[in-house]
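Novice: Residue numbers (the numbering used here): 1 to 614.
Beta carbons: idealized from backbone N, C-alpha and C, even for Gly.
Here the structure is a predicted model, which is why all the values come from computation and not from measurement.
Okay, here's the thing in structure tokens:
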């Protein structure tokens, strides 16, 4: 059968059967075995709805496009306003953010500064730790009796450092080596430095600022972040203002801790004599004293000043209201001998008899640093003599006099040296007139003069303070002037007892007087005398102002001249200046050299008149 016939037969059969039914499709769960997402599996199912939705969306977008085309275009001004508002809002947000961050940092920095300073007064002071290592302080409390001498002042110092003595501030004054700093360190050790801070003074205020900051754990705003933005920070000022800021912070810390401790904080300023006696040093002392007075009245902080020199007391005395003075002197004989015996027993294991102990005390006295040197040495008597020789050489190097052969360029230094020798000679002479120079219980009774009497002996009032600072003489808290120590007084005795010392001192004083006389002498020379002329100067009762007291005799003319050789001529300009100079200088004419040298009219020789003042 051909192909057309087959096609016609198939069509006939289909028409005879009727319309065909669509095949039944069962839903297949493809998620169980397909790796494609359900959304992707349903893509074919969503084609028809999406096409319908696309038709409706296209119609709506066309309508929106017609509506947008109907709106007017915004102007340039509105666009600029919108941009400006956006920029302003951004800047405002940034500014508020930076301001809030800066304020939070500033407040947190202040809180951190206060907290750091609070930790500075917690137990355990750096100065105490350093002293424990460097000065061999005993760490165990059981061994404290083996090292330290319990002076009578130690109990008072313990009460002050512990905060039990309130309402005052204190000045500890005494010679070098008497144990002032040792007592303070011992009192700090007993309480482990709780509530105590200590620093050393210095001649430079910048160094004082750094040491105070270290003691108070205060950085003086050197770590302030404002410095990174090249701002003018609070550090850009003088050292004195920085110290004032540190004391302000200390006051806030003291007020916070006083509520919990119910005791004042303790601030110790050691070595106050190292400050210079100038404007900066006096300003610092005044600043510290003002705070000490204020804090002593409110029981917030107790300040303890420690000094070797008397001028610090003189400066504090001017404004002192609540100041208490603690004089620290040499040990009495009983305590000194006991200390020497204890030292010797510790270092050498040797038990000394009383005679040898008394001999050592007679040579060095009760100075603790001298006793410590003697106790540690093998030959104690040789060490005593060595200490005396050191003190003697120190005095001679500073104050030896040069006699009549001294040069006039060293007169100022020799004035100071001669005054020191005069005072030493007076102390030795007074010792010979004293009824009692040694007491069996107290020990040495060194001769002394009141401060004003010592000034009168030296004929100067500005030398004694320098002698005190050099540890040659000592000015006590009662304003008595004496030798700085027992070995120094022994050196005075040896120097003043040398043969010819008194004559050597007198010649030195005479040489100083001669040089001063030459310095006060005015020599006036007139060199305009010609033709044998001369001056005749007379001081009458009426003086120069009265007239007639000064006469000028003119030059003697050659023989045969019409003029008289003795004629009186009016004074010339040079002669008037000469007399005026004499009057201004208050010259006392004790000798007038008259020249009566006759010369010829063709010669010229300047004759001279010299007038000396005495």
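Report the three-state DSSP secondary structure of residue 313 (helix, strand or coil).
Specialist: helix
Novice: In this structure, what does DSSP give as the bridge partners for residue 98?
Specialist: Residue 98 pairs with nothing; no bridge assigned.
Novice: On the CB-based measure, 16 or more other CB atoms within 10 Å of its CB, does residue 461 come out buried or exposed?
Specialist: exposed
Novice: Drop a sphere of 10 angstroms on the beta-carbon of residue 93, count the other beta-carbons inside from all chains shown, and report buried for 16 or more, exposed for fewer.
Specialist: exposed
Novice: Using 7 Å as the limit for Cβ to Cβ distance, is residue 498 near chain C?
Specialist: In the structure shown, chain C does not exist; there is a single protein chain.
Novice: Evaluate residue 437 with the Cβ neighbour count: other Cβ atoms within 10 Å of its Cβ, from every protein chain shown; 16 or more gives buried, anything less gives exposed.
Specialist: exposed
Novice: I believe residue 443 touches residue 365 by the beta-carbon criterion, under 8 Å. Please report the beta-carbon distance rounded to the nearest angstrom.
Specialist: 7 Å
Novice: For residue 343, which option in 328, 368, 359 and 332 has the closest C-alpha, if you only look at C-alpha atoms?
Specialist: 368
Novice: Could you tell me whether the stretch 179 to 195 touches the stretch 215 to 224, where touching means 3 or more Cβ pairs closer than 8 Å?
Specialist: Segments in contact, no.
Novice: Buried or exposed: which applies to residue 313, given that a residue is buried once 16 or more other Cβ atoms fall within 10 Å of its Cβ?
Specialist: buried
Novice: Residues bridged to residue 471 by DSSP?
Specialist: DSSP, once it has assigned bridges, lists no residue as partnering residue 471.
Novice: Check whether the stretch 289 to 300 touches the stretch 163 to 171, taking contact to mean three or more Cβ pairs, one atom from each stretch, closer than 8 Å.
Specialist: yes
Novice: What first and last residue would you give for the alpha helix (DSSP H) that runs through residue 418?
Specialist: 411 to 433
Novice: Sorted by chain position, which residues of the same chain lie with C-beta nearer than 6 Å to residue 392's C-beta, five sequence neighbours on each side aside?
Specialist: Only 491 meet the Cβ criterion.
Novice: Give me whichever residues DSSP pairs with residue 197 in a beta bridge.
Specialist: 267
Novice: Check for me: the alpha helix (DSSP H) holding residue 391 runs from which residue to which?
Specialist: Membership of residue 391 in the alpha helix (DSSP H) is indicated by the continuous run 380 to 399.
Novice: Apart from the five residues on each side of it in sequence, which residues of its chain come closer than 7 Å, Cβ to Cβ, to residue 467?
Specialist: 420 and 473
Novice: Would you mind working out which of 95, 97 and 291 sits nearest residue 320, comparing C-alpha positions?
Specialist: 291
Novice: Just the Cα atoms here: how many angstroms apart are residue 106 and residue 114?
Specialist: 13 Å
Novice: Measure the alpha-carbon distance for residue 305 versus residue 323 and round it to whole angstroms.
Specialist: 10 Å
Novice: Please go through the same chain and pick out, in chain order, the residues whose beta-carbon is closer than 6 Å to the beta-carbon of residue 469, but skip the five residues on each side of it.
Specialist: 309
Novice: With a cut-off of 8 Å on the beta carbons, I'd call residue 285 and residue 172 a contact; round off their distance for me.
Specialist: Incorrect: roughly 15 Å between the Cβ atoms, too far for contact.
Novice: So, using beta-carbon positions, are residue 418 and residue 509 closer together than 7 Å?
Specialist: Cβ distance < 7 Å, so residue 418 and residue 509 count as in contact.
Novice: Might you give, ordered along the chain, the residues of its own chain that have their beta carbon closer than 8 Å to the beta carbon of residue 507, omitting 5 neighbours on each side?
Specialist: 403 and 404
Novice: What do you get for residue 514, buried or exposed, if any count of 16 or more other CB atoms within 10 angstroms of its CB means buried?
Specialist: Its Cβ having fewer than 16 others within 10 Å, residue 514 is exposed.
Novice: Please name the residue in 287, 261, 377 and 157 whose C-alpha comes closest to that of residue 123.
Specialist: 261
Novice: Candidates 423, 265, 270 and 237: which alpha carbon is nearest residue 183's?
Specialist: 270
Novice: Looking only at DSSP bridge pairs, what is residue 351 linked to?
Specialist: For residue 351, which the question treats as bridged, DSSP gives no partner whatsoever.
Novice: Near residue 616, which residues of its chain fall below 8 Å by C-beta distance, leaving aside the five closest residues on each side in sequence?
Specialist: Nothing in the structure corresponds to residue 616, since the chain is present only between 1 and 614.
Novice: Answer yes or no: do residue 484 and residue 279 have a C-beta to C-beta separation smaller than 7 Å?
Specialist: At least 7 Å separates the beta-carbon of residue 484 from that of residue 279.
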